[in-house]
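At position 94 of the sequence shown (counting the first as 1) the number is 453 in this note's numbering, and the numbers step up by one without a gap. Written below as structure tokens is the structure these notes are about.
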Amino acid sequence: MNWIGIRLAELQLAFMLLTRLPAGTLTSQLPELAHARWAFPIVGCIVGGIIAASYIILSLLLLPSFAAAILAITAGLFSTGAIHEDGLADCADGFGGGQNREKKLAIMRDSAIGSYGTLSLIIIMGLRISLLSMLPAKLEIVTPIIICAVISRYAMVGYLCLLPAARQDGLGNQASGNQTSGDNISALLLAGLIALPAFVIGAFGLIYVIIAIVSVALIWGVIAKYQLGGQTGDVCGAGQIICETAGWLIIATIYGGL
Numbered sequence: 360m361n362w363i364g365i366r367l368a369e370l371q372l373a374f375m376l377l378t379r380l381p382a383g384t385l386t387s388q389l390p391e392l393a394h395a396r397w398a399f400p401i402v403g404c405i406v407g408g409i410i411a412a413s414y415i416i417l418s419l420l421l422l423p424s425f426a427a428a429i430l431a432i433t434a435g436l437f438s439t440g441a442i443h444e445d446g447l448a449d450c451a452d453g454f455g456g457g458q459n460r461e462k463k464l465a466i467m468r469d470s471a472i473g474s475y476g477t478l479s480l481i482i483i484m485g486l487r488i489s490l491l492s493m494l495p496a497k498l499e500i501v502t503p504i505i506i507c508a509v510i511s512r513y514a515m516v517g518y519l520c521l522l523p524a525a526r527q528d529g530l531g532n533q534a535s536g537n538q539t540s541g542d543n544i545s546a547l548l549l550a551g552l553i554a555l556p557a558f559v560i561g562a563f564g565l566i567y568v569i570i571a572i573v574s575v576a577l578i579w580g581v582i583a584k585y586q587l588g589g590q591t592g593d594v595c596g597a598g599q600i601i602c603e604t605a606g607w608l609i610i611a612t613i614y615g616g617l
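In structure tokens, the structure reads:
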């Protein structure tokens, strides 16, 4: 398979892993999951665009902003299969209910949701709906929302590169490691290229969005390292939704009065 074919297969794998969007089937040899990390920002661009477009369209149909926000976020949940929210709930249950590393990992693997997980979902979803409903239904919000989706998914790449796998199986282990530094650079360049138009058109306030996401990403990484000694797929998913929501908080502060 040539270089383009390999990259397309990796892009397809990234969409199959992180979304429920139609991505076809891989007819050739399955790429290594670690090699598909570079495409995570592209996935974020699409999912963020779906949320932003849904909110604007629904608002233009004269739905109340709160209802439009609920339905737009629901569209995002259907797009991703709530994979990141599931990771957040698992981490909340594990970190809150486990007395040691092994117990935390065991709880996180349990498919049942506990009180900590339930509360974390209520809090994060309530916060996201409130923040999105504060935004005006204008094209100006599309780029900021996409930027949050892109940078927060690049944070996942950072966890996979910089933190050791907390367990020897699972998606976190399969996609972890620094052996694909070229792919990591590709992911960073893609995230930068997607964010570039925001600065070209003068949306310099978005630098605060990026700073917030990076800061929260670092804090979550430290927490995961302390709690588990490394990362898992749940840690990466939880980090994405937490970082994205932190970005939305800044967006609501900047654009909420428009």
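Glycine residues also receive a C-beta, built at the ideal position from the N, C-alpha and C atoms.
Check                                                                                                                                      : Outcome
Where does Ala524 fall in DSSP's three states?                                                                                             : strand
Taking the C-alpha atoms as reference points, what is the distance between Gly561 and Ile504?                                              : Its pLDDT being 48, under 50, Gly561 is placed unreliably in this model, and the value from its coordinates should be taken loosely. When rounded, the distance between both Cα atoms is 16 angstroms.
Gln590 bridges to which residues according to DSSP?                                                                                        : Ala524
Could you check if Gly497 is buried or exposed, using at least 16 other CB atoms within 10 Å of its CB as the buried criterion?            : In the sequence under discussion, the amino acid at residue 497 is Lys, which differs from the Gly named in the question. Exposed, since its Cβ has fewer than 16 Cβ neighbours within 10 Å.
Excluding sequence positions up to five away, which residues of its chain have a Cβ less than 7 angstroms from the Cβ of Gln388?           : none
Run through DSSP, which three-state label would Leu385 get?                                                                                : coil
Would you grab the beta carbon distance between Ala428 and Ile488 for me? Rounded to a whole angstrom, and I think it's under 8 angstroms. : 5 angstroms
Suppose you measure from the CA of Tyr475 to the CA of Gly485; what does that come to, to the nearest Å?                                   : 15 angstroms
Please classify Ser574 as buried or exposed, where buried requires at least 16 neighbouring CB atoms within 10 angstroms.                  : exposed
What is the DSSP secondary structure of Leu377, counted as helix, strand or coil?                                                          : helix
Could you give the distance in angstroms between the alpha-carbon of Cys409 and the alpha-carbon of Ile600?                                : Contrary to the premise, residue 409 reads as Ile rather than Cys in this sequence. Each residue's alpha carbon lies about 16 angstroms from the other.
Can Gly446 and Ile466 be called in contact, C-beta distance under 7 angstroms?                                                             : no
So what's Gln533 in DSSP terms, helix, strand or just coil?                                                                                : helix
Give the DSSP-derived three-state secondary structure of Lys497 in the structure shown.                                                    : coil
Nearest by alpha-carbon distance to Val369: which of Leu392, Ile415, Thr378 is it?                                                         : Residue identity differs from the one stated: residue 369 is Glu in this sequence, not Val. Checked all of Leu392, Ile415, Thr378; the closest Cα to Glu369 is Leu392.
Can you tell which of Phe437, Gly456, Ala597, Leu577 has its C-alpha closest to the C-alpha of Thr378?                                     : Phe437
Could you work out which residue in Gly364, Leu491, Ala597, Gly529 is closest to Ile609 when comparing CA atoms only?                      : Leu491
Can you find a CB in chain C that lies within less than 7 angstroms of the CB of Leu478?                                                   : Of the chains in the structure shown, none is chain C; there is only one protein chain.
Using a threshold of 7 angstroms, state whether the C-beta atoms of Leu522 and Gly592 are closer than that.                                : no
Helix, strand or coil: which one does DSSP assign to Pro423?                                                                               : coil
If you compare alpha carbons, which of Leu464, Ser413, Ala373 is closest to Val402?                                                        : Ala373
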